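A.B. asks: If you're matching positions, the sequence shown starts at 6 in my numbering and goes up one per residue. Ideal Cβ placement from N, Cα and C applies to all residues, glycine included. All values reported here derive from a predicted model rather than from experimental measurement.
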Amino acid sequence: MSELPGRVRRALRDHDAFADDPDDAGDTDVGFPDTSTPFDAGVAVAERDDGRLEFDVTVRVPTIDAVAEEHVDDVVVDGWYETFERRIAAIGDVTSAGHDLDPAVSREGDEAVVEASFADINERRGVDDAAAVVDYVEGTYVQGVIPGYEYGEPVTGLIDRARAAGGAGGDDA
């Protein structure tokens, strides 16, 4: 990765979702990691010839069978993935700049990988919009959790966090 301008590093450092050092990604290759989600997510940023910045957002989420504590039939796994893919494609206008997003979703082993790219001249708005894409993927993932299964992490943590944010508490079992 070529050296980024200081303005980009400052925007990443000042944003509470991203680590400002790609080395913080550990064994993954997500660029600057998003530390606000339990998923393997981040943004790679590069300068373009026209002065704008290219933001490439990647989010890796586990498939439903990878987080369920019991067996999930293949037809359910396939249906979950197809629904997740359709919901991600309907990303709409989650960015403040109204970027025309065309996210790609692929299945790699027991993960669904979401990739979306956009360009912006404003580094802070671009970083905010990259975080919005990650948040959208996380929210879409949580919406796709199928009731009736026992789940492990990160699903249990996400559900607990959503309950706490909604004021429902997590101890009403």
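In the structure shown, what three-state DSSP assignment does Asp79 receive?
C.D. replies: Counting from 1 along the sequence shown, the entry for residue 79 is found at position 74. Note: Asp79 maps to helix in three-state DSSP.
A.B. asks: Expressed to the nearest angstrom, what Euclidean distance is found between the alpha-carbon atoms of Glu155 and Asp70?
C.D. replies: For this step, residue 155 is matched to residue 150 along the sequence shown. For this step, residue 70 is matched to residue 65 along the sequence shown. Their Cα atoms are separated by approximately 11 Å.
A.B. asks: Using the Cβ count rule (16 or more neighbours within 10 Å means buried), how would you classify Gly131?
C.D. replies: Looking up residue 131 in the sequence shown gives position 126. It is buried - the Cβ of Gly131 has at least 16 other Cβ atoms within 10 Å.
A.B. asks: What residue from Phe60, Arg168, Val142, Gly157 has the CA that sits closest to Arg91's CA?
C.D. replies: Walking along the sequence shown from the start, residue 91 turns up at place 86. When each option's Cα is compared against that of Arg91, the closest is Val142.
A.B. asks: Whose CA, out of Ile151, Ser41, Pro159, lies closest to the CA of Val138?
C.D. replies: In the sequence shown, counting from the first residue as 1, residue 138 sits at position 133. Of the candidates Ile151, Ser41, Pro159, the one whose C-alpha sits nearest the C-alpha of Val138 is Ser41.
A.B. asks: Among the candidates Glu113, Ile126, Ala109, whose CA atom is the shortest distance from the CA of Glu120?
C.D. replies: The count along the sequence shown starts at 1 and reaches residue 120 at position 115. Here the closest residue by C-alpha is Ala109.
A.B. asks: Ordered along the chain, which non-local residues of its own chain (more than five positions away) have a Cβ less than 7 Å from that of Ala24?
C.D. replies: Residue mapping note: residue 24 aligns to position 19 of the sequence shown, counting from 1. The answer, listed in chain order, is Phe37, Pro38, Thr40.
A.B. asks: Mind checking Pro203: buried by the 16 CB within 10 Å criterion, or exposed?
C.D. replies: Since the displayed the chain opens at 6 and closes at 178, residue 203 lies outside it and no answer follows.
A.B. asks: For Leu58, which option in Ala49, Asp140, Trp85, Ile93 has the closest C-alpha, if you only look at C-alpha atoms?
C.D. replies: The count along the sequence shown starts at 1 and reaches residue 58 at position 53. Measuring from the Cα of Leu58, the nearest candidate turns out to be Ala49.
A.B. asks: Would you kindly report the start and end of the unbroken beta strand (DSSP E) that includes Leu106?
C.D. replies: Looking up residue 106 in the sequence shown gives position 101. Per DSSP, Leu106 belongs to no beta strand (DSSP E) and is neither H nor E.
A.B. asks: Expressed to the nearest angstrom, what Euclidean distance is found between the alpha-carbon atoms of Ser227 and Ala51?
C.D. replies: Residue 227 is absent from the structure shown; the chain starts at 6 and stops at 178.
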